[in-house]
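Okay, so here's the structure we're looking at.
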Amino acid sequence: MDPENTSTEPQSIDKIKVDEENVALLRELHQNEKALNHSIREQLEKARKTKTLMEADLESRAQKFEKSLGITEGNQKNDEMSTLLSTNDQQQLKQHVQRLFEQCRQQQTQIKKLEFNVEMEHGHVNILQHDNQTLKQLTVNMTALAEQEEEYISNKLLKRITGLKKEKSELLVQVEQEEEYMTNMLQKKLNRLQKEKIDMENALEQEQEFIVNKLQKQLDALRAQQKPKSTVSSPRSILQDVTPGTSPAFTTHPSPALSAKKWNVPSASSSSSVYNDPSSSMIEMLLAEMTTLKNKSSDMEREFLLKTQQCNKYKGELVQFRKQYNMPTDDIPLDEGIPAVFRSIPPSPGRQARAKRSTSTSSQRSVASEKTGGGYSSIPPLQLDGTLTSPVPPPSHHDLVSMHSPVGPQYIPGDVRTPRSRSSNH
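FYI, numbering that gives the first Met the number 0 numbers position 77 of the sequence shown as 76, with every residue one higher than the one before it.
This is the structure:
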């Protein structure tokens, strides 16, 4: 799931960058379109103003020309008529006719020039009208092109948004599936560890029951062999003379069958030696058996504490996951603390600290065990394939001393009492 997230994150960043570039391009197109429309409107207004000015100038010129022509014609007619009426000279009349002919020719040339100027002005007006039409067509084409670009960009953005929504929904479904898978795996591991814890407690109770019964039988046999006026009054006083803080004699864990073979004395020489000094040999055998059984009990206790702490850590992780995703945590059982099988053994300082930690909740216990840094604090994290990342480190010297705390003879009951097994309760 991590490589998929790392691959989708740069894709989403690239898509966001492309969307921002498209938005900037669209804004630039809008600004260019507005500037072009503004310039076209200004040109149209200038052309209209020049057209109106030229038309007004032409009209004023035409009016002035008409006025001047009317005035000159009236004056000339009056003068000519007066001269013609007053004189009868033919030469003068001919000169006057020639002069009038030249004036007429000049007026015709002026009229032609004015007509040419009018045609030129009409040509300018037609050119301006054509330019106006081309500009209008250009504005229409530009607006259509801008609309097409906007529609294309909007459709593209909508497609990308729908694609991102689909990817988001798929990612949410994948995340939910991963969460469900992790919660199921944690629940399975928690159930398995709880079963192992129950089995360990049952095995410890059975082992303790076996040890107590065996010691009781040996004590009964020792009492039967002793005489009423012996130097040793009872096995309790003999066992109390032995220092309880001695280190264990054996590091191996012999089975009950192997330890039971020590009591079988088939030869006559051994039986005679036992009858010669029964109390010392029985005491040594009992002490050796007690040290081996204490070693085995301490190892089983250490293994049980490791399993219990690991179970509590997994339980804390499961509670955190469920609280993070708003799931109920009522079905998760609370920490039961130290089982009854360890209550018959006098607690050491390290065990008292562990008992205090076991009374807290599962999540607080996992956090406290990580912070204290004791012998069992470095439990590896949970893996989904059912394996541990690193082996469990050995316990510290303080925990070893607390685990190997000897069982004094005052805690051995006088009569045989068989403790109930916890398997019946479960």
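Cβ atoms here follow ideal geometry from the backbone N, Cα and C, with glycine treated the same way.
Query, Result
"Starting from the C-beta of residue 193, find all residues in its chain whose C-beta is less than 8 angstroms away, skip the five residues before and the five after it, and write them out in chain order.", "310, 332"
"Contact check, residue 189 vs residue 304 under 8 angstroms by CB: the rounded distance?", "In fact, because the Cβ distance is near 17 angstroms, the residues do not count as touching under 8 angstroms."
"Whose CA, out of 135, 285, 97, 184, lies closest to the CA of residue 220?", "285"
"Assuming the contact rule is C-beta atoms closer than 8 angstroms, residue 196 and residue 306 should be a hit. Round their C-beta distance to whole Å, please.", "6 angstroms"
"Helix, strand or coil for residue 319? Go by DSSP, reduced to three states.", "helix"
"Is it buried or exposed, residue 436, if we count other Cβ atoms within 10 angstroms and call 16 or more buried?", "Any answer about residue 436 is impossible in this case: the structure gives the chain only from 0 up to 425."
"Quick check: the region 14-28 against the region 104-112, are there 3 or more CB pairs under 8 angstroms?", "no"
"Taking residue 129 as the reference, which of 47, 207, 185 has the closest Cα?", "47"
"Roughly how many whole angstroms lie between the Cα atoms of residue 137 and residue 32?", "11 angstroms"
"How about the region 52-67 and the region 168-186: do they share at least three Cβ pairs that are nearer than 8 angstroms?", "no"
"What do you reckon, are the CB atoms on residue 53 and residue 114 nearer than 8 angstroms?", "no"
"Identify, in the order they occur along the chain, each residue of the same chain with its Cβ nearer than 7 angstroms to the Cβ of residue 81, setting aside the five sequence neighbours on each side.", "none"
"Helix, strand or coil: which one does DSSP assign to residue 128?", "helix"
"Any idea what DSSP makes of residue 430, helix, strand or coil?", "The displayed coordinates of the chain run from 0 to 425. Any statement about residue 430 would go beyond what the structure contains."
"To the nearest angstrom, report how far apart residue 118 and residue 87 are at their CA atoms.", "46 angstroms"
"What is the DSSP secondary structure of residue 106, counted as helix, strand or coil?", "helix"
"Is it the case that the region 159-178 contacts the region 24-41, given that we only count it when at least three CB pairs across the two stretches are under 8 angstroms?", "no"
"Since I believe residue 25 is in contact with residue 152 (beta carbons under 8 angstroms), could you give me their beta-carbon distance rounded to a whole number of angstroms?", "6 angstroms"
"If I measure Cβ to Cβ from residue 149 and keep anything under 7 angstroms in the same chain, skipping five residues before and after, which residues do I get?", "25"
"Let's test the definition: count the other Cβ atoms within 10 Å of the Cβ of residue 200 and tell me whether it reaches 16, buried, or not, exposed.", "buried"
"Got a sec? Which residues, its chain only, sit under 6 angstroms from residue 211 by beta carbon, not counting five neighbours each side?", "none"
"Using the three-state DSSP reduction, which class does residue 324 fall into: helix, strand or coil?", "coil"
"Where does residue 219 fall in DSSP's three states?", "helix"
"Measure the alpha-carbon distance for residue 131 versus residue 28 and round it to whole angstroms.", "23 angstroms"
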